[in-house]
């Protein structure tokens, strides 16, 4: 497997990375089976494993920790913080208080004394970014963390964090982890160019659009993927399904599966360092690895551009981040008395 440099860190990572969200109660509760999947990925040349404290509330980290016994030094290990780890109000976010406490919890679960890439999982608008960068810098200086990154951070916030780090002498964010797929190309407009400008690596998640780009959800057909619940609403978005129906014959014409075409698309962009695989079973991993050498021609990429123009999103993933300015009506509507006066 060929390797790429994670931004300007000098760290070499595989273009396919193993996402561990499906290991544990959220996906595959069989620890031994999950460990076998991890080992298979490592044997195939994948050297970047990405997990998070919130995945199955720590169980994913525990599984990864067990799987890496005897193999830790050859793995670039990434995990994340900031999402709620319980009902208590201070067991979440990006405050110094929580970061310093939670990194110790992750180190214990992962059975390691250092984390290669510690990532700010989701923007915390209640905490000053200087507070966050200060705490993360201390972790880097202590040796518990090698480098730091972000996930789902809007381009404007990436720029602000870079300027604050330079002005205050803090460690800089060295990577970003945004959603990216044929169906969600919005980051091509701003996040990817900004990340490249600041020398940040980009590890993209959901290159298969949370299952839609496997071709298992078809127009007019029922699928067990089209479940109810927050994380599956996008699977019932007819706009996205209509696009999938246009992509399937293109993949067939190119002599590859839709899954392999989608993965090859994700790592074809020069701003993308790696794309996360999220297998729940060994069969899923085997299928993904079978397409690791697929390279898309310019003709195929041009055809994809015709179906989904560069820089555009078709709908939105349910797990994507929306800033408060979009989510909270009070931040995008003048008070009624001001509107009346106008």
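Residue numbers (my numbering): 535 to 876.
Backbone N, C-alpha and C define an ideal beta-carbon position, used for all residues, glycine too.
The model shown is predicted, which means the values in this text are computed figures rather than measured ones.
Check, Outcome
"As an exercise, report each continuous alpha helix (DSSP H) stretch of at least 4 residues that is fully enclosed by the stretch 831 to 872, in chain order.", "832 to 841, 858 to 861"
"Which residues bound the beta strand (DSSP E) around residue 792?", "Unbroken run through residue 792 is the alpha helix (DSSP H), 792 to 800; no beta strand (DSSP E)."
"To the nearest angstrom, how far is the alpha carbon of residue 829 from that of residue 796?", "11 Å"
"Helix, strand or coil for residue 666, going by three-state DSSP, please let me know.", "helix"
"For residue 610 and residue 769, I'd like the C-alpha separation in whole angstroms.", "32 Å"
"Ignore the nearest five residues each way along the sequence and tell me which others in residue 788's own chain have a CB closer than 6 Å to its CB.", "834"
"Going by C-alpha distance, which of 818, 870, 587 is nearest residue 618?", "587"
"Distance, Cα to Cα, residue 612 vs residue 582?", "7 Å"
"What do you reckon, are the CB atoms on residue 728 and residue 689 nearer than 8 Å?", "yes"
"For residue 679, write down the residues that DSSP places opposite it in a beta bridge.", "649"
"Taking 8 Å as the cut-off, decide whether the C-beta atoms of residue 540 and residue 807 are in contact.", "yes"
"Can you tell me whether residue 548 is helix, strand or coil according to DSSP?", "coil"
"Thinking C-alpha only, which one of 825, 755, 734 is nearest residue 578?", "825"
"Got a sec? Which residues, its chain only, sit under 6 Å from residue 732 by beta carbon, not counting five neighbours each side?", "696"
"What's the call for residue 563, buried or exposed, on a 16-neighbour Cβ count within 10 Å?", "exposed"
"Looking only at its chain, what residues have a beta carbon closer than 7 Å to the beta carbon of residue 691, apart from the 5 residues adjacent to it on each side?", "657"
"Determine the burial state of residue 771: buried for a count of at least 16 other Cβ atoms within 10 Å of its Cβ, exposed for fewer.", "buried"
"Could you spell out where the beta strand (DSSP E) holding residue 582 opens and where it closes?", "582 to 584"
"As a quick exercise: from 842, 726, 809, 659, pick the residue whose alpha carbon is nearest that of residue 779.", "842"
"Would you check if the distance between the CB atom of residue 573 and the CB atom of residue 600 is smaller than 8 Å?", "no"
"What residues are listed by DSSP as bridge partners for residue 654?", "615, 684"
"If you check the beta carbons only, do residue 703 and residue 660 fall under 8 Å apart?", "no"
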